[in-house]
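Colleague: Chains as they are written, first to last, in the numbering used here: chain S, 2 to 356; chain L, 119 to 398; chain G, 106 to 364. All C-beta atoms in this analysis are idealised placements derived from N, C-alpha and C, irrespective of residue type, glycine included. Small disclaimer: the values here were computed from a predicted structure and weren't measured.
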Amino acid sequence: MSKPLIELRNLTKRYNNTTAVDGINLTIKENEFVTLLGPSGCGKTTTLRMIGGFEDPDEGEILFEGKLLNNVPAYKRNVNTVFQRYALFTHMNVYENVAFGLRVKKIPNSEIDRRVKKMLKMVDLEGFENRNVDSLSGGQQQRVAIARALVNEPKVLLLDEPLGALDLKLRKEMQIELLDMQRSLGITFIYVTHDQEEALTMSDTVVVMNKGVIQQVGTPEDIYNEPINRFVAGFIGESNIIEGVMLEDYKVSFDGMVFDCVDKGFAPNEPVDIVIRPEDIRIVVNPEEGMIKGRVTSVVFKGVHYEMIIESDTREYLVQRTKMFPEGSIVGMNVQPADIQVMKRGSTPCNEEEG
Amino acid sequence: MQRRGRIAYPYTVWMVIFIVVPLFLILFYSFTEGDIHNIKDLRFSLNGYKKVLEPIYLKVIGDSFLLAGISTLICLIIGYPVAMIIANTDAKYRNLLLTLFIVPIWMNFLLRTYAWMSLLSPNGFLNRVLMWLGLPKLEIMPGKGAVLLGMVYNFLPFMILPIYTVLSKIDKSVIEAAHDLGGNNVVTFMRIILPLSVPGIVSGITMVFLPAVSTFVISGLLGGGKAPLIGDLIEQQFLSSRNWHFGSALSIILMIMILISMAIMSRIDKSEPEEERRKI
Amino acid sequence: MVKAIKRVYMGLVFLFLYAPIIVLIVFSFNKSKSRGQWGGFTFDWYIDLFKDRQIREALYFTILIAVISTVISTIVGTIAALGINNMSRLGRTIVLNINNLPVLNPDIVTGVALMTLFISLRIELGFITMLISHIVFSIPYVILAVLPKIRQMNKHTAEAALDLGATPAYAMRKVIIPEIMPGIISGALIAFTLSIDDFVISFFTAGTSVTNLSILIYSMAKRGVKPTINALSTLMFVVVLVLMLIINKKNDKGEDIII
Numbered sequence: 002m003s004k005p006l007i008e009l010r011n012l013t014k015r016y017n018n019t020t021a022v023d024g025i026n027l028t029i030k031e032n033e034f035v036t037l038l039g040p041s042g043c044g045k046t047t048t049l050r051m052i053g054g055f056e057d058p059d060e061g062e063i064l065f066e067g068k069l070l071n072n073v074p075a076y077k078r079n080v081n082t083v084f085q086r087y088a089l090f091t092h093m094n095v096y097e098n099v100a101f102g103l104r105v106k107k108i109p110n111s112e113i114d115r116r117v118k119k120m121l122k123m124v125d126l127e128g129f130e131n132r133n134v135d136s137l138s139g140g141q142q143q144r145v146a147i148a149r150a151l152v153n154e155p156k157v158l159l160l161d162e163p164l165g166a167l168d169l170k171l172r173k174e175m176q177i178e179l180l181d182m183q184r185s186l187g188i189t190f191i192y193v194t195h196d197q198e199e200a201l202t203m204s205d206t207v208v209v210m211n212k213g214v215i216q217q218v219g220t221p222e223d224i225y226n227e228p229i230n231r232f233v234a235g236f237i238g239e240s241n242i243i244e245g246v247m248l249e250d251y252k253v254s255f256d257g258m259v260f261d262c263v264d265k266g267f268a269p270n271e272p273v274d275i276v277i278r279p280e281d282i283r284i285v286v287n288p289e290e291g292m293i294k295g296r297v298t299s300v301v302f303k304g305v306h307y308e309m310i311i312e313s314d315t316r317e318y319l320v321q322r323t324k325m326f327p328e329g330s331i332v333g334m335n336v337q338p339a340d341i342q343v344m345k346r347g348s349t350p351c352n353e354e355e356g
Numbered sequence: 119m120q121r122r123g124r125i126a127y128p129y130t131v132w133m134v135i136f137i138v139v140p141l142f143l144i145l146f147y148s149f150t151e152g153d154i155h156n157i158k159d160l161r162f163s164l165n166g167y168k169k170v171l172e173p174i175y176l177k178v179i180g181d182s183f184l185l186a187g188i189s190t191l192i193c194l195i196i197g198y199p200v201a202m203i204i205a206n207t208d209a210k211y212r213n214l215l216l217t218l219f220i221v222p223i224w225m226n227f228l229l230r231t232y233a234w235m236s237l238l239s240p241n242g243f244l245n246r247v248l249m250w251l252g253l254p255k256l257e258i259m260p261g262k263g264a265v266l267l268g269m270v271y272n273f274l275p276f277m278i279l280p281i282y283t284v285l286s287k288i289d290k291s292v293i294e295a296a297h298d299l300g301g302n303n304v305v306t307f308m309r310i311i312l313p314l315s316v317p318g319i320v321s322g323i324t325m326v327f328l329p330a331v332s333t334f335v336i337s338g339l340l341g342g343g344k345a346p347l348i349g350d351l352i353e354q355q356f357l358s359s360r361n362w363h364f365g366s367a368l369s370i371i372l373m374i375m376i377l378i379s380m381a382i383m384s385r386i387d388k389s390e391p392e393e394e395r396r397k398i
Numbered sequence: 106m107v108k109a110i111k112r113v114y115m116g117l118v119f120l121f122l123y124a125p126i127i128v129l130i131v132f133s134f135n136k137s138k139s140r141g142q143w144g145g146f147t148f149d150w151y152i153d154l155f156k157d158r159q160i161r162e163a164l165y166f167t168i169l170i171a172v173i174s175t176v177i178s179t180i181v182g183t184i185a186a187l188g189i190n191n192m193s194r195l196g197r198t199i200v201l202n203i204n205n206l207p208v209l210n211p212d213i214v215t216g217v218a219l220m221t222l223f224i225s226l227r228i229e230l231g232f233i234t235m236l237i238s239h240i241v242f243s244i245p246y247v248i249l250a251v252l253p254k255i256r257q258m259n260k261h262t263a264e265a266a267l268d269l270g271a272t273p274a275y276a277m278r279k280v281i282i283p284e285i286m287p288g289i290i291s292g293a294l295i296a297f298t299l300s301i302d303d304f305v306i307s308f309f310t311a312g313t314s315v316t317n318l319s320i321l322i323y324s325m326a327k328r329g330v331k332p333t334i335n336a337l338s339t340l341m342f343v344v345v346l347v348l349m350l351i352i353n354k355k356n357d358k359g360e361d362i363i364i
């Protein structure tokens, strides 16, 4: 995980009047599992399609191993794609689908046979060679699509919401399998999804995008624990986002109280956004022992924990605890300084920020 | 990808030359008079349309729509039960039945009409049989009766097939649900099956009415000039009388009337099921 | 009871549909020229049929025009459909609406309109004008048959082929065309049968120098019933029947193609 493999420089794509991708910069390293995460229309798929060669960028450069890729047609790029809804060739059987890329390259039949069989074994589809792709289940079609791309031994595999059409259980299984394949083959994966949980589970690096702009780049832990702005905090996991004022280094004020925190480097009295994750709020039975006092207005059992809404004088807090406090009870809430994440207000998204 | 749209441009040009321009020519000739071979001699005139309003021609147009309408109705009455019976037949025999209905349409249209000529003519097979049975002669050919028969015969399968297609797609559980909710066979048919089959009926009616109203073959062969239809008139104007202006005016009127009937039909197709849904 | 009524009803409808054809077939072997009288069995009319130069020529033109117009309209229609699919919304709507005109317009209007065009352009009516007319009315059906297949195809299928290293031409040949092949085949079949069967449009655009079978049958029938037509009908019926049986055997979805 060292050499830069793909570099995006000031990459921009416009459709008519809207800017789908707005001058993004990103470096993807060898063997990295990078996820482009964001709501629909954030530019993640467009970015992927520009790397794949299906969209021409209006501005900026795509470098592959240091060489400009912009004018190289899709069929000459050493990247392969697993498409949304697979895009299998329905007039060919499973074997021919997988063999397609090798046949194009005029590889000898014996070699094709060996590689296709090996790949089908890897995706657990041995014995399916002569099946019609239409007769396969969604999960099996997904495996064919992956095998069809990987058999070409690309340096980079692009995956465009590959698991979007599968049901939850199958999706979880495929997540693990994909991760295993990526590790064992040592290929760079660039993965597009709108599912934040999927992104956090699988990636080495998560790239959060919104409105064509990269918001934050970092490890899943960084993104979750230290969201850089309101958008990232709101998009990744559930959180309480509160407006406050940074009084001085390590002192932040919100809801009329002053809290200790671990952040510094803000201007005195700078308005900021504060994020507190629901599991980081501790509840004490005696309201007087809490920094914030509130009344429990709703309790929902979520399996691992109880999700409670606690109403203070100024706002509602979302709290997740394994211990249940009955509705209507008055409780106190405490937050550790390290669990208060202070973010710049309307923070300009960073480009080229390494996690 | 948008740029690949360009490969349709040659066909677009072709379409303009061979579809749009000819129709504009017809429109042009319908509003002019004079020597068709000399553009300088042509001048604006409504005479083509005025001629359409002459009683004899109005009667021909009326007859065309009447005969086409009656034959469509007969096709519907005969065809709907047939479509229902096929739809309810075992899957094993269904294809065979369908094929049996399709085979005659694959035979040349003129030969099918010709077959009735030889059956119906005054000394034809049918009359020989009737005579042999001691029954009076049937003298419908040439005449409107024979034309009507020819229309029904030629176009019946085009009524049956679309209705069958729709009926066969009705989810059987919908019918079971109707029975379950206390609807007897008549109620189920009137309130469920019939409304659901409206799209089939509409396309059946269109597929029968359109060729029937514009035919000149059936009327030419079975009507023997005794029952001219609008199609015969148009044919005459372009091939024998050489009055393109009148012929063009007739064509335009035929097109407009067909357009109106199709608009009405598509409205029925859309509104009817909704109304029915509200009632249920 | 209900079953019996159904059977009788279906029987009557089939009688109505097939009686004329059966009578025609029987009388094609009738020695007597009269339509009502049975004068003994003969093959004479079939021999006459094969000796008849006019009929042979008409058959030749019918098949020649059907083959040429099917090939051209299938190729042009498929290319046009691929293009139309990639057009902007507005362009697509306009093109498809114009494309539908020959399908919705009565044949007689299409026929006289084309005839008017050719005469106005001083093109002599004949083989070429008839061929052009057949292509004109066939292409819209090919487009209507191919376009749904293109739409059904996953929009990324072409990209997947390029992604796997296929050049655009290779992707077209090995992926896109095979994917939409069922539509192309049914379009070609429709074009072929429409051309073989067409009378009205040919009638107005063929002029006097060429005739196809339909025009010939019409002019013969107008002059009265002729036993050679009976023989011709019988042969054509048998050919159709055999073709249908073959198609039905090959795929049970035969009905899709016909309608």
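Excluding sequence positions up to five away, which residues of its chain have a Cβ less than 6 angstroms from the Cβ of ARG78 (chain S)?
Modeller: Once the five neighbours on either side are set aside, the close Cβ partners of ARG78 (chain S) are GLY54.
Colleague: Closer than 9 angstroms by beta-carbon distance: list the chain G residues that pair up with GLY165 (chain S), in chain order.
Modeller: Residues of chain G passing the Cβ test: none, with the nearest at roughly 13 angstroms.
Colleague: Does the distance from the C-beta atom of ASN317 (chain G) to that of ILE170 (chain G) stay below 8 angstroms?
Modeller: For ASN317 (chain G) and ILE170 (chain G), yes; Cβs fall inside 8 angstroms.
Colleague: Could you tell me the boundaries of the alpha helix (DSSP H) in which LEU357 (chain L) lies?
Modeller: LEU357 (chain L) -> alpha helix (DSSP H) spans 348-357.
Colleague: Comparing the C-beta of ARG124 (chain L) with each C-beta of chain G, is any distance below 8 angstroms?
Modeller: Yes, ARG124 (chain L) counts as interfacial toward chain G.
Colleague: Reducing DSSP to helix, strand and coil, say where ASP281 (chain S) ends up.
Modeller: Three-state DSSP puts ASP281 (chain S) in a helix.
Colleague: How many Å lie between ASN72 (chain S) and ILE52 (chain S) at the Cα?
Modeller: The alpha-carbon atoms of ASN72 (chain S) and ILE52 (chain S) are separated by roughly 11 angstroms.
Colleague: Less than 8 angstroms between the C-beta atoms of ALA88 (chain S) and ALA265 (chain G), yes or no?
Modeller: Yes, they are a contact pair.
Colleague: Are any of the Cβ atoms in chain G nearer than 8 angstroms to that of SER163 (chain L)?
Modeller: Not closer than 8 angstroms to any Cβ of chain G, the Cβ of SER163 (chain L) fails to qualify, so no.
Colleague: Which runs of the alpha helix (DSSP H) spanning at least 4 residues fall entirely within the region 134-186 of chain S, listed in chain order?
Modeller: Segments of the alpha helix (DSSP H) lying fully in the region 134-186 of chain S: 139-151 and 169-186.
Colleague: Which of helix, strand or coil does DSSP assign to GLY219 (chain S)?
Modeller: Residue state, collapsed to three classes: strand.
Colleague: Which residues, in order along the region 176-201 of chain G, keep a beta-carbon less than 9 angstroms from a beta-carbon of chain S?
Modeller: So nothing in the stretch comes that close.
Colleague: When you compare the CB of THR217 (chain L) with every CB in chain G, is at least one pair closer than 8 angstroms?
Modeller: By this cut-off, THR217 (chain L) is an interface position.
Colleague: Can you tell me which residues form a DSSP beta bridge with LEU10 (chain S)?
Modeller: Correcting the residue identity first, residue 10 (chain S) is Arg in this sequence and not Leu. Answer is S:GLU62.
Colleague: Specify the secondary structure class of ASP264 (chain S) as computed by DSSP and reduced to three states.
Modeller: In this structure, ASP264 (chain S) counts as coil in the three-state DSSP scheme.
Colleague: Over the uninterrupted beta strand (DSSP E) stretch that includes MET247 (chain S), give me the two end residues.
Modeller: First-last of the beta strand (DSSP E) with MET247 (chain S): 241-249.
Colleague: Grab me the residues of LYS344 (chain L)'s own chain with a C-beta within less than 7 angstroms of its C-beta, minus the 5 sequence neighbours each way, in chain order.
Modeller: Within the same chain, LYS344 (chain L) has close Cβ partners PRO260 and GLY261.
Colleague: Is GLY39 (chain S) near ASN211 (chain S), with beta carbons less than 8 angstroms apart?
Modeller: Going by C-beta atoms, GLY39 (chain S) is nearer than 8 angstroms to ASN211 (chain S).
Colleague: Measuring CB atoms only, is the region 180-190 of chain S touching the region 210-225 of chain S, in the sense that at least three cross pairs come out at less than 8 angstroms?
Modeller: Touching, no, given that fewer than three Cβ pairs across the two stretches are closer than 8 angstroms.
Colleague: Would you verify that the beta carbon of LYS45 (chain S) is, or is not, closer than 8 angstroms to some beta carbon of chain G?
Modeller: Output row for LYS45 (chain S): interface = no.
Colleague: For GLN355 (chain L), count neighbouring C-beta atoms within 10 Å of its own C-beta (all shown protein chains included) and say buried if the count is 16 or more, exposed if not.
Modeller: Burial call: buried.
Colleague: Buried or exposed: GLN197 (chain S), going by 16 or more other Cβ atoms within 10 Å of its Cβ?
Modeller: Buried is the call here.
Colleague: Once you ignore the five residues that flank GLY231 (chain G) on each side, which residues in its own chain have a CB closer than 8 angstroms to its CB?
Modeller: Excluding positions up to five away in sequence, the list reads ALA311, GLY312, SER314 and VAL315.
Colleague: Between PHE129 (chain S) and ASN98 (chain S), what straight-line distance do the alpha-carbon atoms span, to the nearest angstrom?
Modeller: Computed Cα separation, rounded: 12 angstroms.
Colleague: So what's ASN32 (chain S) in DSSP terms, helix, strand or just coil?
Modeller: Here ASN32 (chain S) sits in coil by DSSP.
Colleague: Does any CB atom of chain S fall closer than 8 angstroms to the CB of GLY359 (chain G)?
Modeller: Because the pLDDT at GLY359 (chain G) is just 40, under 50, the model does not fix this residue reliably, and the value given afterwards should be weighed accordingly. No, because no Cβ of chain S sits closer than 8 angstroms to the Cβ of GLY359 (chain G).
Colleague: Would you say the region 251-258 of chain G touches the region 282-297 of chain G, given that touching needs at least three Cβ pairs under 8 angstroms?
Modeller: A contact exists between the region 251-258 of chain G and the region 282-297 of chain G.
Colleague: What residue range is occupied by the uninterrupted beta strand (DSSP E) comprising VAL345 (chain S)?
Modeller: Rather than Val, the amino acid found at residue 345 (chain S) in this sequence is Lys. Where LYS345 (chain S) is concerned, the enclosing beta strand (DSSP E) stretches over 342-345.
Colleague: Assuming contact is defined by CB atoms lying nearer than 8 angstroms, are PRO211 (chain G) and PRO245 (chain G) in contact in what I supplied?
Modeller: No.
Colleague: If you measure between the beta carbons of MET93 (chain S) and GLN143 (chain S), is that distance less than 8 angstroms?
Modeller: Not a contact, by the Cβ cut-off of 8 angstroms.
Colleague: Does DSSP put ASP274 (chain S) in a helix, a strand or coil?
Modeller: DSSP places ASP274 (chain S) in strand when its eight states are reduced to three.
Colleague: In this structure, what does DSSP give as the bridge partners for GLU151 (chain L)?
Modeller: The partner list for GLU151 (chain L) (beta bridge, DSSP) reads L:ARG161.
Colleague: Can at least three beta-carbon pairs, one atom from the region 323-331 of chain L and one from the region 183-198 of chain G, be found at a separation below 8 angstroms?
Modeller: No, they do not touch.
Colleague: Please list the partners that LEU129 (chain G) has in chain L, where partner means a Cβ-to-Cβ separation under 7 angstroms.
Modeller: Under the 7 angstroms cutoff, chain L gives ALA233 and SER236.
Colleague: Could you confirm whether any beta carbon from chain G is found closer than 8 angstroms to the beta carbon of ASN226 (chain L)?
Modeller: Yes, ASN226 (chain L) lies at the interface with chain G (some Cβ there is under 8 angstroms from its Cβ).
Colleague: Quick one: what's MET334 (chain S) bridged to in DSSP?
Modeller: BP columns for MET334 (chain S) point to S:ILE284 and S:ILE293.
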